[in-house]
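One structure is given below, encoded as structure tokens.
Protein chains in written order, with my numbering: chain X, 7 to 453; chain R, 16 to 359.
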């Protein structure tokens, strides 16, 4: 029997290291696209300001990118170090997307990013633009493979149980797993929000100080489209994602809504506090029939309640419930902000809207919060399984000692925290220094 | 031999090949990294780190690919190897993290010499940890690991400090540093620095030669690797190529051709790893206490379906990867100085 403390510490370590990884990756994906679009405009219109902007946002991108890469390397090996049971049981299926990701996406990103950063004077304009798009495509492809891998954990398809493990029977079923593609579109949209709101926040910083006005307005013109599409897109894909969860993981839905009783016409607990011990909620306000409608397009549909799920197969209710609500609440705030930002920009009034610009600065962390809690909802809501109904988290963990995990967890926590702080400091520094500094780092004032 | 066994053999070969490519390619990066923190000359340091910036990431993806392929093709090996060698692997991973961050942040913090100094030091230590621990790990895997039916014998870290493990670790470090000096000599513009680097490369060549002679000389005594060579003597050509590459590296240094010396030096490493991998076949995680418990290409692999599928993927994508990565290395391999750093 595996030591439950080792399981718990391994889970904390995994959550911590993925959580850190996911601070960097969404910005990488969204910003890569943003930069590729800017550079396309530069090549097509020949206007130098787009080149300046591509370099400016590219500078912030590169500071961020390295941490995405290195935290990703540790992720890949952690399945083996801490989740040997899982790896042995699942490797026949789960290893392939990771290997394909490396061969198809990581080489593309890393090689062409080198060319993008250092090749301005070494390759032709068109070749350089090509490199920008290869980086953008590489980041989007890598997301495909990791989410296909995660999609299998949520909704296993295309496999057969043989030789004491799950073996792949149909790769195409694994690749075209509907669960994965629901999550993919939703996640990519969230990545655009992360990059878009970061751009808008930095734009606001400079507009409030009346500096780099022309460049910042050009950035905003594109970024408002990005945040409008992504926040709207996330409301829509989020809805379909929820219906997909209802169909394929009713336990997760029940935990997301803290739905204890199986009932027709289940109401949406807008303001409620779930009490797991008592198996009920303190409900202050509930919208009748809404949970049924959102999940099944029918106000009278039956929603499965937690009481009809064996206790040892229930996800942690409070964490799933609250994470889901934080994601939605923050998402709604982002959506309203995006609509208003788009409106102001198109009316040409963004620059004068001082109060709103100040608000945009506060919006930079919002997409980070919603992506993190969205991810917690998806992963914690799948518990107690690592692979839904196939293998539990407790059976997945490695036969390692407490001392091993405590040592690694401490090292990761300390080193990663310092790196995040430093990364934030550097990005903030170069963001504030503005487009000139991106071309000449030595121009950034010394400490 | 069945189709399944053939696939397992092919995947064993690919697995060894990927690790060998990784050490061949990232070796000179790690070597240059180790040197960076030792250097007090700013131009020297800027060049050392500047030349790494466009290429470290592409080179490091080989270790990610090797890890991914181990997972996909040999899941049991992946699970057992990484969970038993837990702390050494965590240290390697943190080394890789800090190595990369140090290279990047060295440039981003060009406005502050104190920070640059700090990152150069971190780069040295991190590169050393990665090179040494990988070498120690592979030396032990070549020699066989101390586990039997009741599990691992003794403390994992202490049990890895075997003579052959340490020897292989030192060989990795010394060969990487030698290649780092050659790479630097190739890239630096300043003649005096270039001369100094070439002299140092020659000194490191002697160290590498001594360690290499020990590595091959002790192989029949300290490892079970010779059996495959006795069964199929034609395989001896591989270690011979490795030695020939080391000699060619020295000739190139003598002729003042550092790029050739670096390439030959990297090939030395590449063929040394291949030599070990051939000797191990079909073992992948050999037990020196109870050989029956060893994980092999035949008892640790994925299903026939997955091996077939992944082979198709590799055959499609690997040529592209080699093509554009080769182009990238050529683009940033030629020309002098770390002038790229200025465009960061």
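Cβ atoms here follow ideal geometry from the backbone N, Cα and C, with glycine treated the same way.
Straight-line CA distance for residue 452 (chain X) to residue 61 (chain R)?
At residue 452 (chain X) the pLDDT is 43, less than 50, meaning the model places this residue with poor confidence and gives no usable figure here.
How many angstroms separate the CA atom of residue 215 (chain R) from the CA atom of residue 184 (chain R)?
20 angstroms
Work out the CA separation of residue 256 (chain R) and residue 246 (chain R) for me, nearest whole Å.
19 angstroms
Under the assumption that residue 311 (chain R) contacts residue 299 (chain R) (Cβ atoms under 8 angstroms), give the Cβ distance between them as a whole number of angstroms.
6 angstroms
Complete runs of the alpha helix (DSSP H) confined to the region 222–280 of chain R [at least 4 residues]:
241–246, 252–269
Return yes when the Cβ of residue 370 (chain X) is within less than 9 angstroms of the Cβ of residue 204 (chain X), no when it is not.
yes
State yes or no: is the C-beta of residue 249 (chain R) within less than 9 angstroms of the C-beta of residue 35 (chain R)?
no
Against residue 397 (chain X), what residues of chain R qualify as contacts under a CB-to-CB distance less than 8 angstroms, listed in chain order?
Residues of chain R passing the Cβ test: none, with the nearest at roughly 13 angstroms.
Taking the alpha carbon of residue 169 (chain X) as the point to measure from, which residue in R:316, R:234, R:150, R:63 has its own alpha carbon closest?
R:316
With 9 angstroms as the C-beta to C-beta threshold (strictly closer), list the residues of the region 107–129 of chain X near chain R in chain order.
107, 108, 109, 110, 112, 113, 114, 115, 116, 117, 118, 119, 120, 121, 123, 124, 125, 126, 127, 128, 129
Which of the residues in the region 398–414 of chain X, read from start to end, lie with their CB under 8 angstroms from any CB of chain R?
404, 405, 406, 410, 413, 414
Could you tell me which of X:190, X:390, X:82 sits nearest to residue 318 (chain X), measuring between CA atoms?
X:390
Below 8 angstroms, how does it come out for the region 51–71 of chain R and the region 422–429 of chain X: are there three or more Cβ pairs, yes or no?
no
Between residue 320 (chain R) and chain X, is the shortest Cβ-Cβ distance under 9 angstroms, so that the two count as touching?
yes
Given a cut-off of 9 angstroms on the beta-carbon distance, is the pair residue 64 (chain X) and residue 139 (chain X) in contact?
no
When you compare the CB of residue 453 (chain X) with every CB in chain R, is at least one pair closer than 9 angstroms?
Low per-residue confidence applies at residue 453 (chain X): pLDDT is 42, beneath 50, and the placement is therefore not dependable, though the value from the model is reported in the following sentence. So yes, residue 453 (chain X) belongs to the interface.
Closer than 9 angstroms at the beta carbon, the chain X residues around residue 80 (chain R):
105, 108, 109, 112, 113
Going by alpha carbons, who is nearest to residue 28 (chain R) out of R:276, R:336, R:84?
R:84
Members of the region 69–81 of chain X near chain C, C-beta cut-off 9 angstroms:
The chain labelled as chain C is not found among the protein chains of the depicted structure, namely X and R.
For residue 353 (chain R), collect the residues of the same chain with a Cβ closer than 6 angstroms to its Cβ; drop the 5 residues on either side in sequence, then sort them by chain order.
In this prediction, residue 353 (chain R) has a pLDDT of 46, which is less than 50 and means its spatial position is unreliable; what the coordinates show is noted afterwards. Taken in chain order, the residues that qualify are 61, 62, 65, 66.
Endpoints, alpha helix (DSSP H) assigned at residue 77 (chain R):
71–88
Paired residues, beta bridge with residue 287 (chain X) - DSSP
X:280
Please state the DSSP three-state secondary structure of residue 313 (chain R).
coil
Would you mind stating whether residue 108 (chain X) and residue 192 (chain R) have Cβ atoms separated by less than 9 angstroms?
no
Against chain R, does residue 98 (chain X) count as a neighbour if the rule is that its beta carbon must be under 9 angstroms from one of theirs?
yes
Is residue 205 (chain R) helix, strand or coil when you go by DSSP?
coil
What are the boundary residues of the beta strand (DSSP E) that residue 174 (chain X) is part of?
171–174
Is the CB-CB distance between residue 154 (chain X) and residue 186 (chain X) below 9 angstroms?
yes
I'd like to know if residue 20 (chain R) contacts chain X, where contact means its C-beta is closer than 9 angstroms to some C-beta of that chain.
no
Proximity below 9 angstroms, CB of residue 145 (chain R) to CB of residue 107 (chain R):
yes
For residue 168 (chain X), does the three-state DSSP call read helix, strand or coil?
strand
Closer than 9 angstroms, CB to CB, is residue 175 (chain X) near chain R or not?
yes
Consider the Cβ of residue 147 (chain X): report whether some Cβ of chain R lies at a distance smaller than 9 angstroms.
no
Could you say which of X:257, X:199, X:179, X:439 lies nearest to residue 236 (chain X) if we only look at CA atoms?
X:199
Since residue 261 (chain X) contacts residue 320 (chain X) with CB under 8 angstroms, what's their CB separation in whole angstroms?
7 angstroms
Per-residue burial, residue 213 (chain R) [other beta carbons within 10 Å of its own, 16 or more giving buried]:
buried
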